[in-house]
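Numbering (the UniProt record's numbering), first residue to last: 1 to 732.
Glycine included, C-beta positions come from ideal geometry on N, C-alpha and C.
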């Protein structure tokens, strides 16, 4: 082990020196700066990778029948002095695959598989699996879980508030999904505790390893259900040596905006319907007005635009099929032409030459009254302005959403200035696509800045050239560089990773997109994600049985068919590693109420703790004591109190030191925020309230019950819901 860490330290030192050398390079040609940026990116990524794999660098060994031996780890390490002989095999390499797939029945040449347990840089234990069918007692042959002892130690360990990787304990059914090819849409369907999220993240690491050149440039996007979840999984990919992946919620996919507002479930569901794409398009067309007559004061005269002239200009602009803000250029040109013809006719065309006519056009373009009239007829719109003004006007909503019922249209009405919600983001993104951006002014400002920089550089060169006593045989700066190249050389440049560039660019398209808790996404959210990945290379992870959002999916075909027809692959995870059998027996009854045809995943272990229910007269009086009693039972682990969303603020006040921060030992969450997370112990408060809070309340209760890795308790005031009749009622 010390030899491997020594090699890692050598590589870290080499990369550090090379990075320092690259950063010292400044100026130069465009090619030289590009090469420098590439070097900075390479060595920065290497340093981040070497630091991230420090813990658990090597976690396994394969002994082969031919006496060969491979050590398996987080990255590959090679001996440069021995023709790059492998010292440590990257877990993603094809040669490492028997570590996850070999069995006594199909050993793939493996005689022994060893799982190493390390702490910092020391081996603290190991477990061996002998796969040679001729040398081991048949009763001891490994045919089930790979590395069972190591796996069970991992799942029984106390939760830390951050998701750990499963690189040392990947099971065969998980490995097959992780190594699925890049192209196409892969759906990973699995119940609670089957490792869907871990599989998706390890798949991201695997794809970045096998398709580095393709994905490093475009990047990988991982979409999660909420920011708490993203913080929870945030360390997994870095621990696997991958640091260039963008993590985001749907509410963060519109650049420059983080949507955290709340709204009624019915409103969010309406905004998630695919019909809202037509509403957004209609709202934009509605802003392209054509009134009967527009009078525009100009100098000492009044120019007039009738409906016919406006409609003609509008028609020409629309026929360009460009987005609204880009087509506006055509509309403005046509309106200015119409107004200029009026002005010229009144002044006398025979008295004016072409220069005079061009001056009139320029004056019309710069006239405040003309600009105001054009802005009224075809305004420059941002997505935010479009939607805010739409929501604020029942009349505009009625014109844009005529196919919605009056009650549905009323759901869209909102006071100006209200916070944006996650359901607004796909609508903003849709609007951005249809509006485009009129970058005329932006380009003009950039050109002015460029000219100013060149003028400044020329001034510097002029000063240098004034030295009368300069030796004519000595080359001066003015002999080597002109003002243009000097300004370009000293322009501000910063290096950004693909993930950083993608986060700042709404139009960025990714090489691969991973969607976790995908069953919760609305139809409009899927439009946004598909726009981000034109290649349709995606990993879609979720469980239809856990769909809690009203706008969420009821089948994967419903979600994907509009975009990829039937060209998607369904894979399933069937083994529950997280939730003990005692808890799953209770959750199975709830699952049956969702759909009797659904089959819960099979738990691989028992916890020894029987789930319980306790009826109390007052949650306010009983909950603090129950939490206080449960804390010693979890030791260094985590306790979650899961309640109906509407009750979370009040429940949080009842529990001392409780938070929604996963770093705290006790957290209070609603079901939506608990999705994808896991805790040592869970107290579910008011299960009847969870059932009643949503049309998909049974799915929400199923989620709440299956967050626990060890212990589960249910606190209720009224009758226990029938679906929880399997719980043992306790008193005292």
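Heavy atom of the ligand ADP within 6 Å of residue i beta-carbon
i	result
residue 459	In the structure on display, the ligand ADP does not appear, and there are no ligands present to speak of.
Cβ neighbours of residue i in the same chain (closer than 7 Å, five flanking residues each side left out)
i	result
residue 74	53, 56, 57, 91, 167, 240 and 241
residue 600	191, 584, 587, 588 and 591
residue 475	Bear in mind that a pLDDT of 48 at residue 475, under 50, signals an unreliable position, so the number given afterwards is only what the model happens to contain. Within the same chain, residue 475 has no close Cβ partners at all.
residue 421	259, 261, 262, 263 and 268
residue 437	325
residue 397	390, 409, 412 and 413
residue 142	Residue placement at residue 142 cannot be trusted, given a pLDDT of 46 that sits under 50; the coordinates are not used to answer.
residue 568	184, 185, 187 and 560
residue 492	Model confidence at residue 492 stands at a pLDDT of 47, short of 50, so the residue's coordinates are unreliable; what they give is reported in the following sentence. If we look at residue 492 and ignore the five residues flanking it on each side, it has no Cβ neighbours.
Bridge-paired residues (DSSP) for residue i
i	result
residue 318	Answer by DSSP bridge pairing: none, since residue 318 is not bridged.
residue 303	296
residue 71	61
residue 514	222 and 539
residue 640	667 and 682
residue 715	614 and 685
residue 326	Beta-bridge pairing links residue 326 to no other residue.
residue 603	576
residue 86	78
residue 91	Partner(s): none; residue 91 has no beta bridge.
residue 128	114
residue 119	122
residue 205	In DSSP, residue 205 forms no bridge with anything.
residue 189	542 and 572
residue 248	223
residue 729	613
Beta-carbon proximity of residue i to residue j, cut-off 7 Å
i	j	result
residue 259	residue 390	no
residue 513	residue 533	yes
residue 303	residue 310	no
residue 754	residue 704	The shown model of the chain, from 1 to 732, leaves out residue 754, and the question about it has no answer.
residue 360	residue 373	no
residue 677	residue 232	yes
residue 219	residue 498	yes
residue 570	residue 620	no
residue 383	residue 431	yes
residue 544	residue 695	no
residue 400	residue 279	yes
residue 607	residue 710	yes
residue 215	residue 224	no
Close beta carbons around residue i, own chain, < 8 Å, minus the five adjacent residues each side
i	result
residue 140	Here residue 140 scores only 48 on pLDDT, less than 50, and its place in the model is too uncertain to base an answer on.
residue 22	36, 39, 40 and 43
residue 530	536 and 563
residue 51	12
residue 334	312, 313, 316 and 317
residue 624	654, 655 and 656
residue 386	280, 283, 284, 287, 431 and 435
residue 631	639, 665 and 666
Whole-angstrom C-beta distance between residue j and residue i, which should lie under 8 Å
i	j	result
residue 518	residue 548	Contact flag wrong, Cβ pair sits at about 13 Å.
residue 699	residue 594	6 Å
residue 102	residue 113	6 Å
residue 730	residue 612	5 Å
residue 77	residue 19	Rounded, the Cβ-Cβ distance is 19 Å, inconsistent with contact.
residue 377	residue 289	5 Å
residue 423	residue 272	6 Å
residue 127	residue 150	6 Å
residue 648	residue 680	Contact flag wrong, Cβ pair sits at about 20 Å.
Residues near residue i by beta carbon distance below 6 Å, same chain, minus five either side
i	result
residue 480	Because the pLDDT at residue 480 is just 49, under 50, the model does not fix this residue reliably, and the value given afterwards should be weighed accordingly. Excluding positions up to five away in sequence, the list is empty.
residue 416	388 and 392
residue 170	100
residue 414	391
residue 109	64 and 65
residue 720	613
residue 451	none
### Query
If you pair each beta-carbon of the segment 556 to 575 with each one of the segment 173 to 189, do three or more pairs fall below 8 Å?
These segments touch.
### Query
Between the segment 349 to 368 and the segment 248 to 259, do three or more beta carbon pairs fall short of 8 Å?
No: the two stretches stay apart, fewer than three of their Cβ pairs being nearer than 8 Å.
### Query
How about the segment 632 to 643 and the segment 653 to 670: do they share at least three Cβ pairs that are nearer than 8 Å?
With a cut-off of 8 Å, the segment 653 to 670 and the segment 632 to 643 count as touching, because enough Cβ pairs lie within range.
### Task
Assess, as a yes-or-no matter, whether the segment 58 to 69 is touched by the segment 96 to 110 under the definition of 3 or more beta carbon pairs within less than 8 Å.
With a cut-off of 8 Å, the segment 58 to 69 and the segment 96 to 110 count as touching, because enough Cβ pairs lie within range.
#### Entry: Contact the segment 701 to 719 vs the segment 670 to 690: 3+ CB pairs below 8 Å
They touch, by the three-pair rule.
### Task
Evaluate contact between the segment 498 to 510 and the segment 242 to 249, counting only Cβ atoms and requiring at least three cross-stretch pairs below 8 Å.
Counting Cβ pairs under 8 Å, three or more are found: they touch.
### Message
Using a Cβ distance threshold of 8 Å, determine whether the segment 193 to 205 contacts the segment 3 to 19, with at least three qualifying pairs required.
### Response
Touching, no.
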